[in-house]
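In the working numbering, the protein residues as written are 3 to 370.
For glycine and all other residues, C-beta sits at the position ideal for the given N, C-alpha and C.
Everything on this sheet refers to the single structure shown next.
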Ligand SMILES: *Cc1c(COP(=O)(O)O)cnc(C)c1O
């Protein structure tokens with residue numbers, strides 16, 4: 003075919019796309035123009051898998067028939083997770099109240115595909131995790147946000163619910179990127195007022211002292227999502243879960259793909275759940291590093307630091323751009339937000355990595 007005809011065919015293909023797909027740009031991280039030596043941009047755990055767990059994984063892997071499909075809905079993992087949650091929450095949790103996903107992103111997408119029809123509204127806060135908007139728009143939904151400032155009150159949210167009549171609400175607590183908590187009272191008032199699903203994304207709740215899971219049994223429209231990509235240090239295996247009311251879970255399961263988790267994820271997630279003591283130790287270490295980092299960075303007068311309940315610190319202020327440049331020159335990658343005022347988000351890393359950040363901070367202070 004001549005190249006003209008080929009181009010025509012390419013154009014024709016684009017014409018066939020759903021308008022939502024045509025309108026959206028793919029999710030891409032920031033492009034680096036430096037060699038990344040320390041990555042503090044993704045809120046991952048700085049710790050490698052514990053050696054004992056690696057050894058156990060290798061043993062199980064050797065015995066595993068990788069030519070076979072995994073369990074359809076990861077039944078063994080569901081069972082292990084239900085026992086873990088029963089212990090954590092000090093009450094009986096059944097497998098009928100949980101869904102396991104290929105990362106919690108899969109579950110956020112599934113929630114939208116279950117409830118949102120083209121034109122329906124999804125409500126969330128701003129700033130927050132970008133995937134709520136991405137998945138909503140991809141499904142043809144309309145995304146509306148309420149600014150997370152002093153006006154973020156139950157009364158104001160109630161007014162937004164009346165105005166937009168959302169199908170679904172996502173709240174992220176502790177929030178990415180600011181690390182703030184949304185109060186339990188506010189969430190429960192919303193769960194009472196709103197009749198649709200109210201989803202609390204607790205990707206960072208392991209770094210915090212309270213969570214909403216114990217409230218799920220009294221609020222059938224309240225569900226919580228969690229991930230093993232952050233505190234549990236398993237971003238590479240893609241595992242997250244949702245905990246909610248049995249009726250909600252039963253409906254959501256219809257939208258889930260069979261075999262959504264691969265067998266290696268099944269094995270490793272079970273192992274980490276059965277050996278979770280070390281994760282708790284590591285969480286405490288991150289929390290104490292977070293406090294040190296906050297106290298140091300807070301010495302700079304020109305910034306607004308947000309008190310964080312997660313494993314990162316969010317800073318607003320024009321001069322964050324300069325600090326970012328200094329970090330990048332030293333091979334340290336962080337997240338930045340081009341808005342007014344400019345902002346950055348720094349993941350809490352290992353002790354050595356955080357020292358490198360603070361060394362760059364001294365350099366920044368000397369110049370500013
Ligand atoms: C990282 C993150 C997720 C995604 O978790 P995965 O399980 O890796 O898909 C979900 N929500 C928030 C707020 C996050 O920061």
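For this session: Could you tell me if the beta carbon of residue 232 falls within a distance shorter than 8 angstroms of some heavy atom in ligand 1?
Result: Because some heavy atom of ligand 1 lies under 8 angstroms away, the Cβ of residue 232 counts as near it: yes.
Exercise. How is the beta strand (DSSP E) around residue 242 delimited, first residue to last?
Worked result: Here the beta strand (DSSP E) through residue 242 covers 242 to 245.
Exercise. Cβ of residue 240 within 8 angstroms of any heavy atom in ligand 1?
Worked result: Yes, the Cβ of residue 240 comes within 8 angstroms of a heavy atom of ligand 1.
Exercise. What is the residue span of the alpha helix (DSSP H) that residue 353 lies within?
Worked result: Residue 353 -> alpha helix (DSSP H) spans 353 to 369.
For this session: Any chance you could list the alpha helix (DSSP H) runs of at least 4 consecutive residues sitting entirely within the region 94 to 182, in chain order?
Result: Segments of the alpha helix (DSSP H) lying fully in the region 94 to 182: 105 to 117, 133 to 140 and 156 to 166.
Problem set entry | Given residue 132 as reference, the closest of 155, 203 and 85 once Cα atoms are compared | For residue 132, the closest alpha carbon among the candidates 155, 203 and 85 is that of 203.
Problem set entry | Integer Cβ distance of residue 28 from residue 113, believed to fall under 8 angstroms | With a contact defined as Cβ atoms closer than 8 angstroms, residue 28 and residue 113 miss out at about 21 angstroms.
For this session: Would you check if the region 89 to 101 and the region 294 to 313 touch, i.e. whether three or more CB-CB distances between them fall below 8 angstroms?
Result: Here the region 294 to 313 makes no contact with the region 89 to 101; the two share fewer than three CB pairs at distances below 8 angstroms.
Exercise. At what residues does the alpha helix (DSSP H) containing residue 279 begin and finish?
Worked result: Where residue 279 is concerned, the enclosing alpha helix (DSSP H) stretches over 279 to 299.
Exercise. Closest to residue 169 by CA distance: which of 121, 190 and 176 is it?
Worked result: When C-alpha distances from residue 169 are compared across 121, 190 and 176, the shortest belongs to 121.
For this session: Compare the beta carbon distance of residue 163 and residue 196 with 9 angstroms and say whether it is the shorter of the two.
Result: Yes.
Exercise. Looking at C-alpha atoms only, which residue of 230, 247 and 156 is the closest neighbour of residue 224?
Worked result: It is 247 whose Cα lies nearest to the Cα of residue 224.
Exercise. Should residue 126 and residue 146 be called a contact, given that it needs their Cβ atoms to be closer than 9 angstroms?
Worked result: For residue 126 and residue 146, yes; Cβs fall inside 9 angstroms.
For this session: Can you give me the start and stop residues for the alpha helix (DSSP H) that residue 219 sits inside?
Result: Neither: residue 219 is in no alpha helix (DSSP H) and is coded neither H nor E.
Exercise. Residue 147: beta carbon under 8 angstroms from a heavy atom of ligand 1?
Worked result: Incorrect: residue 147 has no Cβ contact closer than 8 angstroms to ligand 1.
Exercise. What is the rounded straight-line gap between the Cα of residue 307 and the Cα of residue 256?
Worked result: Cα atoms of residue 307 and residue 256: separation of roughly 43 angstroms, rounded to the nearest angstrom.
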